[in-house]
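Residue numbers (the working numbering), protein chains in the order written: chain A, 1 to 508; chain B, 1 to 334.
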Amino acid sequence: MRDLRIGVDVGGTNTDAVVLGAGNRIVASTKQPTSPDVTSGMRAAIETVLAALGADRERVGRVMLGTTHATNAILERRRLGRVAVVRLGAPSSTAVPPLESWPEDLADAAVVAATVLPGGNYVDGREISPLDEEGLRRFLGSVAGRADAVAITAVFSPGSSGQEARAAEIAAEELGPDLPVSLSHEIGALGLLERENATVLNAALHRVARHVHDALTEVLRGLDVARYFAQNDGTLMAADYAARYPILTIGSGPANSIRGAAYLSGLADAVVIDVGGTSTDLGVLTGGFPRVSAAGVEIGGVRTNFRMPDILSVALGGGTVIDGRTAGATSVGYRIGTQALVFGGRTPTLTDACVAAGRAKVGTHSAPDELAAVLRDTDERIADAVDRMSLGKTGLPLVVVGGGGFLVPDGLPGVREIIRPERGDVANAVGAAIALVSGSIETIVPAGNGRRAALDAAGAAARDRAVQAGADPSAVEIVEVAEIPLSYLPEPALRVQVKAAGALAEVP
Amino acid sequence: MVEGAALSAGRALREFGDVPLVTLEDLPQDGIVLPLGHIGAPTVSHEMLPSGREAELIRDTVERMLGRPVVAVMASEIGGGNGVEPLGLAARLGVPLVDADAMGRAFPEVQMVSTYVAGKDPGLVLLADVQGSVAALWPVDGLWSEQLARALCVAMGSTALMADYVMSAGELLGAVIEGTVTQAISIGRALEDAAAASETAVAALQATLGAVALLTGKVADVERRTGGGFVRGSVIIDGVGDCRGRRLQIEIQNENLVAIEDGQVKASVPDLIAIVDSQTADAVSTESLRYGQRVTVLAWPCAPLWRTPAGLRTAGPAAFGYDIPYVPVELAHA
Chain A
1 MRDLRIGVDV GGTNTDAVVL GAGNRIVAST KQPTSPDVTS GMRAAIETVL AALGADRERV
61 GRVMLGTTHA TNAILERRRL GRVAVVRLGA PSSTAVPPLE SWPEDLADAA VVAATVLPGG
121 NYVDGREISP LDEEGLRRFL GSVAGRADAV AITAVFSPGS SGQEARAAEI AAEELGPDLP
181 VSLSHEIGAL GLLERENATV LNAALHRVAR HVHDALTEVL RGLDVARYFA QNDGTLMAAD
241 YAARYPILTI GSGPANSIRG AAYLSGLADA VVIDVGGTST DLGVLTGGFP RVSAAGVEIG
301 GVRTNFRMPD ILSVALGGGT VIDGRTAGAT SVGYRIGTQA LVFGGRTPTL TDACVAAGRA
361 KVGTHSAPDE LAAVLRDTDE RIADAVDRMS LGKTGLPLVV VGGGGFLVPD GLPGVREIIR
421 PERGDVANAV GAAIALVSGS IETIVPAGNG RRAALDAAGA AARDRAVQAG ADPSAVEIVE
481 VAEIPLSYLP EPALRVQVKA AGALAEVP
Chain B
1 MVEGAALSAG RALREFGDVP LVTLEDLPQD GIVLPLGHIG APTVSHEMLP SGREAELIRD
61 TVERMLGRPV VAVMASEIGG GNGVEPLGLA ARLGVPLVDA DAMGRAFPEV QMVSTYVAGK
121 DPGLVLLADV QGSVAALWPV DGLWSEQLAR ALCVAMGSTA LMADYVMSAG ELLGAVIEGT
181 VTQAISIGRA LEDAAAASET AVAALQATLG AVALLTGKVA DVERRTGGGF VRGSVIIDGV
241 GDCRGRRLQI EIQNENLVAI EDGQVKASVP DLIAIVDSQT ADAVSTESLR YGQRVTVLAW
301 PCAPLWRTPA GLRTAGPAAF GYDIPYVPVE LAHA
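Quick look at the structure:
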């Protein structure tokens with residue numbers, strides 16, 4: 001029986017792993033320091049819980065990994081593949097060439113050459129130019145042997161993907177079928193430069209994905225385990241799918257934490273507050289998924305149109321240093337166990353204030369009563385942050401997780417109920433282990449006649465993507481449809497975003 | 001949209017050099033000024049970027065048709081990407097940028113310009129597309145200019161660079177809203193200074209514009225519908241903090257038209273109503289409005305030209321189908 005699964009979450013400070021059994025009961029868990037190379041910390045966490053399982057390790061059927069490998073690779077410009085960048089759209093779009101806003105060192109590390117070739121489509125599907133197959137072959141020939149991957153972005157490919165697909169065939173002919181090719185319509189939404197940026201980053205990350213894959217294989221040696229990666233919307237994708245779309249793993253940490261907190265509390269709609277040593281992150285769970293932020297995010301200095309979970313970070317944590325009568329801007333971080341007053345140190349922290357106020361019972365020493373006064377100010381800041389995230393909806397429950405959860409008072413205005421689930425300390429790893437699998441799509445559909453059929457087609461495509469990513473076909477449901485009308489078009493049209501999600505298919 | 005325009009303008013400035021900022025009086029009075037702006041769907045212009053040759057094609061066509069040189073570029077509207085892009089276009093053409101525009105804000109329809117209000121004929125109207133096609137029109141009036149340009153724009157892929165009211169510097173005198181580029185720069189500078197002094201961005205913006213803050217709150221509802229090629233709808237903003245318990249409704253047609261609280265009009269076109277991020281003071285465009293954003297609604301007086309009878313006929317509440325009297329925003333909040 002292979003009924004156990006391992007959830008792993010690589011955080012900034014700790015790498016957590018949990019083993020869940022039947023009914024998602026926590027069978028084993030560990031917290032290991034995150035290592036600078038990320039990989040050894042991940043390996044240590046998995047090895048620790050496997051050791052705790054003993055002979056039962058044979059029962060592990062799945063491992064779900066939420067990791068920062070991709071983010072770190074981009075931030076540190078390490079292990080990036082060299083990408084040949086192709087944009088199809090000339091004569092349009094030549095006013096702003098590819099990589100225009102990229103930091104120079106990142107472009108140097110991740111790009112071997114870039115070109116803009118005739119091709120692309122109009123919003124209504126007409127071709128801007130026929131795909132310049134000759135020119136594409138010439139460009140690919142010039143990078144043969146130097147490029148590790150190809151990124152192809154055609155104007156309006158989210159609506160008309162034919163040219164990108166044809167260009168991928170040509171790339172396979174010119175550079176061999178094994179060279180990874182990233183197509184923009186599979187990666188991002190409308191907005192040429194942001195989608196192109198994300199597509200190039202995705203192509204550059206293939207080597208990182210292979211490295212993580214190899215490291216996992218090594219630590220799981222001898223076990224027949226299906227692997228999944230957490231993505232930024234709080235859902236999972238199968239490892240072979242993640243190998244093609246490594247950029248989707250960026251930002252999975254906050255999503256895991258929100259999903260895990262929700263699961264541990266049994267709620268589908270709630271505000272989640274995760275209090276760590278240095279900062280407090282708030283997110284919102286709506287209908288079982290993290291609410292996403294409206295703005296696209298920057299990754300390593302590059303603008304993308306990725307939608308990340310809507311997270312509000314406040315510089316308050318258990319290790320925040322009390323500066324006179326207020327909570328300061330600095331934290332003792334992981335040194336709290338030696339530097340805080342209640343642990344025999346000499347630095348007054350918010351943990352000391354909570355002990356003084358009777359909110360926390362930790363440490364070996366007492367804390368002076370007057371420190372408790374600082375909590376009036378921090379309570380107000382937390383209340384304001386919760387209010388901002390709840391968007392005026394009163395009556396939402398608040399789920400408190402993280403090691404510094406005692407910083408959150410027992411009553412807050414507008415909050416119906418404060419829930420502090422057991423094992424909230426490993427909420428993020430639990431979140432990775434229990435997540436659903438999803439697929440999403442963005443396209444343009446007519447607003448009048450044909451809207452229904454086009455929406456159905458988009459829904460079917462989103463379901464397909466969820467199944468490809470590892471979902472059980474019979475369990476996939478459409479969980480989100482957003483329609484945004486477009487202005488100044490000949491025929492009324494809508495930009496449509498559809499997401500489908502479902503439980504993982506059975507392990508064969 | 002502004003980011004894309006800023007990228008292409010920045011690139012043009014690096015490639016072609018700096019652009020002098022001039023007044024109409026500084027220019028040879030019989031030299032031609034090109035008022036330029038993109039028309040079309042923002043979602044389209046964000047995806048199908050220009051070729052970069054559009055302004056040059058328009059300039060060459062104008063000089064051939066009118067037999068006089070183009071001496072400067074002007075923004076048709078100072079709002080959004082259209083306020084930023086002409087800087088790069090002037091650099092590409094190697095001519096100065098006029099410190100003025102034809103709106104002093106943004107409006108959704110092409111006849112809603114100061115030149116129309118001042119009684120000027122649209123004159124020569126040109127559109128250039130990404131392929132390199134140029135269309136030149138002599139419409140009989142501003143309304144026909146709007147209809148013909150709209151139809152051509154659709155054929156061109158729903159985005160095009162347009163020049164209208166193409167005339168000499170002397171003819172444009174008194175028919176444009178002067179100083180708006182300088183004002184835009186001073187807004188940017190105020191926001192930068194505020195960030196450096198850790199002051200609140202919204203307060204700095206408000207002071208620079210002489211604006212009234214109508215409400216600080218959260219977007220509680222966004223209702224959109226398309227009609228006549230525009231996004232129409234309304235936005236509900238619920239007050240937070242000092243504004244808790246209050247609710248403001250803003251009617252939109254690509255731009256923010258009327259702000260209503262408790263059945264009372266708090267501000268309306270042609271005065272300016274801006275929804276800005278409460279934290280950063282960044283403008284939140286109609287298309288990117290989403291439930292839950294924390295925003296502050298600012299309103300401030302439009303250029304005096306818009307308050308004349310002709311100005312109000314063109315872009316007052318009635319021009320957008322609202323049967324309400326226009327009350328200048330500073331009087332409504334006196």
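Glycine residues also receive a C-beta, built at the ideal position from the N, C-alpha and C atoms. None of the values given here were measured: they were computed from a predicted structure.
In the DSSP annotation of this structure, glutamine 183 of chain B is not part of any beta strand (DSSP E); the continuous alpha helix (DSSP H) holding it starts and ends at 180-196. Taking arginine 232 of chain B as the centre and dropping the five residues before and after it, the same chain places the C-beta of Arg225 and Gln253 closer than 6 Å to its C-beta, in chain order. Taking every protein chain shown into account, the CB of aspartate 233 of chain A has 16 or more other CB atoms within 10 angstroms, so this residue is buried. Taking C-beta atoms under 8 Å as the contact rule, valine 8 of chain A and leucine 223 of chain A fail to qualify, at a distance of about 14 Å.
Residues of chain B with a Cβ closer than 7 Å to the Cβ of phenylalanine 156 of chain A are, in chain order, Glu47 and Met48.
DSSP places proline 446 of chain A in the strand class (E or B) of the three-state scheme. The C-beta distance from leucine 106 of chain A to glycine 296 of chain A rounds to 17 Å, too long to meet the 8 Å contact threshold.
Judged by DSSP secondary structure, threonine 15 of chain A falls within the beta strand (DSSP E) whose first and last residues are 14-20. Around the beta carbon of isoleucine 324 of chain B, a 10 Å sphere encloses fewer than 16 other beta carbons of the protein chains shown; the residue is thus reported as exposed. Alanine 471 of chain A is a Cβ neighbour of valine 437 of chain A, given a cutoff of 8 Å. Beta-bridge partners assigned by DSSP to isoleucine 275 of chain B: B:Val297. For glutamate 298 of chain A, the secondary structure class from DSSP, reduced to helix, strand or coil, is strand.
Assignment of beta-bridge partners to glutamate 127 of chain A by DSSP yields A:Asn121. Counting every other CB atom within 10 Å of its CB across the protein chains shown gives proline 108 of chain B a total of 16 or more, marking it as buried. In this structure, valine 496 of chain A places its C-beta atom within 8 Å of the C-beta atom of glutamate 442 of chain A.
Between the segment 451-469 of chain A and the segment 35-55 of chain A there are fewer than three inter-stretch CB-CB distances shorter than 8 Å, so the stretches are not counted as touching.
Around the C-beta of isoleucine 237 of chain B, 16 or more other C-beta atoms lie within 10 Å, and the residue is accordingly described as buried.
Across the set A:Ile170, A:Arg166, A:Leu179 and A:Gln32, the C-alpha of A:Leu179 shows the shortest separation from the C-alpha of arginine 146 of chain A.
Against chain A, a Cβ distance below 7 Å from arginine 11 of chain B picks out Val96 and Glu100. By alpha-carbon distance to alanine 283 of chain B, the top candidate from B:Leu191, B:Pro304 and B:Asp221 is B:Leu191. Annotation: the continuous alpha helix (DSSP H) that includes alanine 466 of chain A extends over 451-468. Within the segment 21-53 of chain B, the residues whose Cβ lies closer than 8 Å to some Cβ of chain A are Ile39, Gly40, Ala41, Pro42, Thr43, Val44, His46, Glu47, Met48, Leu49, Pro50, Ser51, Gly52 and Arg53, listed in chain order. Counting only Cβ-Cβ distances below 8 Å, leucine 193 of chain A has contacts in chain B at Gly4, Leu7 and Leu49, in chain order. Think of a sphere of 7 Å around the beta carbon of glutamine 131 of chain B: the chain A residues whose beta carbon falls inside it are Pro91, in chain order. Scanning A:Thr338, A:Ile170 and A:Val150 for the CA closest to the CA of serine 182 of chain A turns up A:Val150. The beta-carbon of arginine 59 of chain B is placed no less than 8 Å from the nearest beta-carbon of chain A. With the criterion set as a beta carbon lying under 7 Å from some beta carbon of chain B, the segment 319-340 of chain A has no members that meet it.
In this structure tryptophan 102 of chain A is buried. Its beta-carbon is surrounded by 16 or more other beta-carbon atoms within 10 angstroms. Counting only Cβ-Cβ distances below 7 Å, glycine 157 of chain B has contacts in chain A at Tyr122 and Val123, in chain order. Counted as a single uninterrupted DSSP element, the alpha helix (DSSP H) harbouring methionine 389 of chain A occupies residues 375-390. Rounded to whole angstroms, the Cβ separation of aspartate 281 of chain A and proline 246 of chain A is 24 Å, and the two are not in contact under 8 Å. Per DSSP, proline 122 of chain B lies in no alpha helix (DSSP H) and is assigned neither H nor E. Isoleucine 478 of chain A sits in a strand when the DSSP states are folded into three classes. Considered as a whole, the segment 118-196 of chain A harbours 133-143 and 162-175 as its complete alpha helix (DSSP H) runs of no fewer than 4 residues, in chain order. Around the beta carbon of arginine 189 of chain B, a 10 Å sphere encloses fewer than 16 other beta carbons of the protein chains shown; the residue is thus reported as exposed. Contact between the segment 328-348 of chain A and the segment 424-435 of chain A is absent: fewer than three C-beta pairs spanning the two stretches fall below 8 Å.
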